[in-house]
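Numbering (our numbering), first residue to last: 8 to 179.
Idealized CB from N, CA, C, for every residue including glycine.
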């Protein structure tokens, strides 16, 4: 899902949202709800919703070349009833957004049809996120002494330990 909000000065913000299948968004009685996860680590959308609650969003529909677009007025809730449907394992989100006065439209996407995203191909077995991140850091490192030292001492094993810890503590 891509969530569009407006800041107090009238500027736009577009924030990606993602979750496991069936946990991203739910519609109940004409209201759409979606969670905020610790891994998002950004509050731009929520500050904007407090200042100006009109939102728009686009959602991909897995297995389909259709895109759902919606508009409405959002509110934020830390209420248990709003958060509980979005629990992953034993972890509930700290916050959920509810979109009222909902207008939804479905439209075919030629780009999704050309991309042939579904069925998704499995990732190659030899892909290492730690190695990939390490290579990215080396390619995009700064020119300062600190960047050179960090590049020299950061190993794939160290990165993997950090990723494992982050997935465990911050993903949901």
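What residues are listed by DSSP as bridge partners for residue 34? 39
Alpha carbon to alpha carbon, how far is residue 133 from residue 161? Give it in angstroms, no decimals. 20 Å
On the premise that residue 81 lies in contact with residue 56, defined as a C-beta separation below 8 Å, what is that separation, rounded to the nearest angstrom? 5 Å
In angstroms, rounded to a whole number, what distance separates the CA positions of residue 15 and residue 51? 11 Å
In its own chain, which residues sit with a C-beta less than 6 Å from the C-beta of residue 103, not counting the 5 before and 5 after it? 40, 42, 84, 89, 90
Jot down the residue ranges of each uninterrupted alpha helix (DSSP H) in the segment 101–137, minimum 4 residues, whole runs only, in chain order. 117–122
If you compare alpha carbons, which of 64, 27, 153 is closest to residue 226? Because the chain in this structure spans residues 8 to 179, residue 226 falls outside the shown range and cannot be described.
Contiguous beta strand (DSSP E) assignments of at least 3 residues, all confined to the segment 63–88: 73–84
Can you look up residue 23 in the DSSP assignment and give me helix, strand or coil? strand
From the DSSP output, read off the bridge partner residues of residue 10. 22, 64
Quick one: give me the first and last residue of the alpha helix (DSSP H) that residue 169 is part of. 163–177
In the DSSP output, which residue or residues are listed as bridge partners for residue 160? Beta-bridge pairing links residue 160 to no other residue.
Is the beta carbon of residue 65 less than 8 Å from the beta carbon of residue 9? Closer than 8 Å, so yes.
Is it the case that the Cβ atoms of residue 109 and residue 79 are separated by a distance below 8 Å? yes
Is the Cβ-Cβ distance between residue 119 and residue 72 less than 8 Å? Going by C-beta atoms, residue 119 is nearer than 8 Å to residue 72.
So residue 182 packs on residue 13, CB below 8 Å; how close in whole Å? In the structure as shown, the chain starts at 8 and stops at 179, and residue 182 therefore has no counterpart that could be examined.
Rounded to the nearest angstrom, how far is the Cβ of residue 101 from that of residue 136, given a contact under 8 Å? The pair is not a contact, with the Cβ atoms about 26 Å apart (cut-off 8 Å).
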